[in-house]
Amino acid sequence: MGTAEIAILATIFIIAVLTTAVMVLRRFDSTTPEAPSPSTLEQTLEESAQVEPGQTESGPTEKQLEDARATLAEPEPTELELAEPEPAEPEPAEPEPAEPEPAEPEPAEPEPTDLEPPKLRERLGKSRGLFSGYLGTIFSRSTITQETWDDLEEALIRADVGVSVTQEIIDGLRNRVKQEKLKDPDSLTKALIGTMSEIFDGRDRSLKYESGTTNLWLFVGVNGVGKTTTIGKIAKQKIKDGAKVLLAAGDTFRAAAGEQLETWSIRSGAQIVRGAEGGDPGAVVFDAIEKATAKDFDLVLADTAGRLHTKVNLMEELKKIRRIADRSTAQVTEVLLVLDATTGQNGLTQAKEFAQAVGVTGIVLTKLDGTAKGGIALAIERDLKIPIKLVGIGEGVEDLIAFEPLEYLEAIVSIN
Ligand SMILES: Nc1nc2c(ncn2[C@@H]2O[C@H](COP(=O)(O)OP(=O)(O)OP(=O)(O)O)[C@@H](O)[C@H]2O)c(=O)[nH]1
Ligand SMILES: [Mg+2]
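According to this note's numbering, the stretch in the sequence shown is residues 33 to 448, in order.
Below, the structure is given as C-alpha cells:
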C-alpha cells in the first residue's frame, strides 16, 4: 500500500472518531438535568429536610405510609388535653402602701355628758339583796309572828343599822302594828318604811351655796373613803350647773394625791391650785381662795389628806385649815365628811371625831353600791344628827346623787 492510500485511511478513521465523539456528547447532553433555578433549589432543600433518615429520596415506603395513616386516625392525646387545668393562682395583690396615719393625740376618756343620773335602786345590789332576803321569808308567812320580829331584827343588825337603832325601829314598829291593827306582812313592810323614815325627818340636805361670794367646801375623812373622787364628781356637776369651780389640792401628803385631783380637774373642766409635795396644806387652800376671789370663782372645793406623817395630828392640821379658811375672803359654806359605807359602824367613830374637830355640816356616804352595810345611814343620822347629803354609788363621774331617804328606804326594803 502506498502513502496516499495510508493518508486516506487515517483521515477516514479520524472523521469516524470525531463523529462518534460528537454523537456521544449530544446524547450525554440530553440526559443531564437542568440546573435548578434558585427558587427550586430552596424547595428542594426543604423537601430534603423532611426526608426521614432511612427514607430514600424517591418517597416513603408503604409501611411508613401505613404507620402515618394510623397515627392520623388515632391522634395521641396531647399532654395539654390530659393536664387538669391548673387553677390560676391569683396574683398576690400588691399591698397598697399604707397611708401614714396622722398621729392623733390619745383620745381623752369619753365623759358622759347628759346621761340620766344613775338610780339608787339599781345600784344598791348587796343592801337590797340582804333586806329582800329576810323580807322574802317574812312575806312567806301569812301572819306576823315572833319569827317575823326576829327576822327583821337580824336583817337590820346585819345591815349595820346598829343595835340601839335597830331596837328603836322594832319598838316603834310594834307600836304601829298594835295601834293600826296590822295583820299581814305587806302592811308591815309599809309600816317599816314609815318608822325608819322618821329617823331622817326634818333635816336640810341641800348643799349650801351663796351666790355673789367665794364659797369654800372643805372635804374631810380618813384615807381611801373617796374624798378626791367625790370632789371630781361634784366639780363636774357644779360646772354643768354653770358655776366657776376651782380645786384646791390640800392633800400634800403624797404626790399621787395632787396628780389624782389634777386628773379630775381635766375630767370636770375645773381649774386647780396645787402645792409642793409635803408642803403646808393650809397654804395651798389659802392660795386657792386668793385666786378664786381675784378671778371671781364661785366655788372652791378643797381636798385634804386622809392621813399624815406620823408626828402630825390629822385633826390639828384640819382645824388649822378650817381657821385659815374662816379668816379668808371665802365663805366656808360646807364641811363635808366623806364616809365609806363598807366600813359600817367604824364610820360612826370617825364621824364623831371629825365633827368635833372641824364642825361637819353634811355627810357624803360613798360606796353604797357593793355593800350590804347600807344601814349605816340610819345609825349616822340617829346618832350624829348630821344630814347625809350625797351618796356615792360608783366610781364614775356621774355616780354621785343627792340622798333621798324615802328612795333609799324603798330601795332597800322592796323585794322586787
Ligand atoms: N364603788 C365605789 N367606789 C368609790 C366610790 N367613791 C370612791 N370610790 C373609790 O374609792 C377609792 C378611793 O377613793 P379616793 O377618792 O382616792 O379616796 P380619798 O378619800 O381621796 O383617799 P386618800 O386621798 O388616800 O385620803 C378609789 O378607787 C375610788 O374610785 C363609790 O361611791 N363607789
Ligand atoms: Mg384623796
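For every residue, glycine included, the Cβ atom is placed at its ideal position computed from N, Cα and C.
Checklist entry - Are the CB atoms of V392 and V367 nearer to each other than 7 Å? => result Translated into the one-based positions of the sequence shown, residue 392 becomes position 360. Translated into the one-based positions of the sequence shown, residue 367 becomes position 335. Result yes, Cβ atoms of V392 and V367 sit closer than 7 Å.
Checklist entry - Which word fits V49, buried or exposed, when buried means at least 16 other C-beta atoms lie within 10 angstroms of its C-beta? => result As a position in the sequence shown, residue 49 is number 17, starting the count at 1. V49 is exposed by the Cβ-count criterion.
Item to check | Whole-Å CB distance - I425 paired with R155, under 8 Å assumed | outcome: Within the sequence shown, the letter at position 393 stands for residue 425. Within the sequence shown, the letter at position 123 stands for residue 155. Indeed they touch by this definition, with Cβ atoms about 4 Å apart.
Checklist entry - Got a sec? Which residues, its chain only, sit under 6 Å from P419 by beta carbon, not counting five neighbours each side? => result Sequence index remark: in the sequence shown, residue 419 carries index 387 (1-based). Answer for P419: R235, R237 and G394, listed in chain order.
Checklist entry - Relative to ligand 2, is the shortest distance from any of its heavy atoms to the C-beta of K421 smaller than 6 Å? => result Residue 421 sits at position 389 when you count from the first residue of the sequence shown. Checking every heavy atom of ligand 2 against the Cβ of K421, none is found closer than 6 Å.
Next on the checklist: Can you determine whether any heavy atom of ligand 2 sits closer than 6 Å to the C-beta of A289, and answer yes or no?
Outcome noted: Translated into positions along the sequence shown, residue 289 becomes position 257. It does: the Cβ of A289 is within 6 Å (strictly closer) of some heavy atom of ligand 2.
Checklist entry - DSSP state of L239, grouped into three classes? => result Position 207 of the sequence shown, counting from 1, holds the residue named residue 239. In this structure, L239 counts as coil in the three-state DSSP scheme.
Item to check | Sufficient close CB pairs (3 or more, under 8 Å) joining the stretch 269–280 to the stretch 294–310 | outcome: yes
Checklist entry - Do you know how far the Cα of D192 is from the Cα of W296? => result Along the sequence shown, read from residue 1 onward, the residue named residue 296 stands at position 264. Along the sequence shown, read from residue 1 onward, the residue named residue 192 stands at position 160. Straight-line Cα distance between these residues: approximately 32 Å.
Checklist entry - Which whole-angstrom value is the C-beta distance of D330 and N255, which I expect to be below 8 Å? => result To locate residue 330, count along the sequence shown from 1; it is residue 298. To locate residue 255, count along the sequence shown from 1; it is residue 223. Incorrect: roughly 29 Å between the Cβ atoms, too far for contact.
Checklist entry - Going by alpha carbons, who is nearest to D372 out of G253, D216 and P149? => result Position 340 of the sequence shown, counting from 1, holds the residue named residue 372. Of G253, D216 and P149, the residue nearest in Cα terms is G253.
Next on the checklist: Just to confirm my understanding: we take L152, look at its own chain, exclude 5 residues before and 5 after, and list those with CB closer than 8 Å. What are they?
Outcome noted: Looking up residue 152 in the sequence shown gives position 120. Result list for L152: L400, V423, I425, I433, E436, E439, Y440 and A443, in chain order.
Checklist entry - Which of helix, strand or coil does DSSP assign to V445? => result One-based indexing of the sequence shown puts residue 445 at position 413. Reduced to three states, the DSSP call for V445 is helix.
Next on the checklist: Given the structure, does T474 come close to ligand 1, in the sense that its CB is under 6 Å from one of the ligand's heavy atoms?
Outcome noted: Since the first residue shown for the chain is 33 and the last is 448, residue 474 is missing from the structure and cannot be characterised.
Checklist entry - Between P119 and the rest of its own chain, which residues show a CB-CB distance below 6 Å, the 5 nearest in sequence each way excluded? => result Indexing the sequence shown from 1 puts residue 119 at position 87. Residue confidence is low: P119 scores 47 on pLDDT, short of 50, so the model does not pin down where it sits. Its coordinate-derived value is still stated next. Closer than 6 Å at Cβ, skipping near neighbours: no residue.
Checklist entry - Taking the continuous alpha helix (DSSP H) assigned at G434, which residues delimit it? => result As a working mapping, residue 434 is identified with position 402 in the sequence shown. Note on residue identity: the sequence assigns Ala, not Gly, to residue 434. Taken as a continuous stretch (DSSP letters only), A434 belongs to no alpha helix (DSSP H), being part of the beta strand (DSSP E) at L432 to A434.
Checklist entry - What span of residues does the alpha helix (DSSP H) with V392 cover, start to end? => result The residue labelled residue 392 in the question sits at position 360 within the sequence shown. Careful: V392 lies outside any alpha helix (DSSP H) and carries neither H nor E.
Checklist entry - Going by beta carbon distance, what residues of the same chain come within less than 7 Å of G264, once the five residues before and after it are set aside? => result Here residue 264 refers to the residue found at position 232 when the sequence shown is read from its first residue. Within the same chain, G264 has close Cβ partners W296, R299, S300 and V429.
Checklist entry - Any idea if Q269 is buried or exposed, counting beta-carbon neighbours within 10 angstroms, 16 or more meaning buried? => result Taking the sequence shown and counting its residues from 1, the one referred to as residue 269 is at position 237. Its Cβ being crowded by 16 or more others within 10 Å, Q269 is buried.
Item to check | Rounded separation between E212 and R414 - CA only | outcome: By 1-based counting over the sequence shown, the position of residue 212 is 180. By 1-based counting over the sequence shown, the position of residue 414 is 382. Whole-angstrom Cα-Cα distance: 25 Å.
Checklist entry - Mind pulling the alpha helix (DSSP H) runs of 4 or more residues that sit fully within the stretch 281–342? => result 287–300 and 313–326
Checklist entry - Whose CA, out of A383, T375 and T51, lies closest to the CA of K405? => result For the purposes of this step, residue 405 is identified with residue 373 of the sequence shown, where counting begins at 1. It is T375 whose Cα lies nearest to the Cα of K405.
Next on the checklist: Tell me which residues share the same chain as T175 and place their Cβ nearer than 7 Å to its Cβ, disregarding the 5 neighbours each side in the sequence.
Outcome noted: Indexing the sequence shown from 1 puts residue 175 at position 143. Excluding positions up to five away in sequence, the list reads K215.
Checklist entry - So, using beta-carbon positions, are T365 and K240 closer together than 7 Å? => result Residue 365 sits at position 333 when you count from the first residue of the sequence shown. Residue 240 sits at position 208 when you count from the first residue of the sequence shown. For T365 and K240, yes; Cβs fall inside 7 Å.
Item to check | Close Cβ partners of G161 (< 8 Å) along its chain, the five nearest in sequence each way excluded | outcome: The count along the sequence shown starts at 1 and reaches residue 161 at position 129. Taken in chain order, the residues that qualify are A404.
Item to check | Proximity to R190 [Cα-Cα], best of G407, L205, P313 and E427 | outcome: Looking up residue 190 in the sequence shown gives position 158. Nearest of G407, L205, P313 and E427 to R190, Cα basis: G407.
Item to check | First and last residue of the uninterrupted alpha helix (DSSP H) at T221 | outcome: Here the question's residue 221 lines up with position 189 in the sequence shown. Where T221 is concerned, the enclosing alpha helix (DSSP H) stretches over P217 to F232.
Checklist entry - Tell me the DSSP bridge mates of V252? => result In the sequence shown, the residue the question calls residue 252 occupies position 220. Partner(s): L369.
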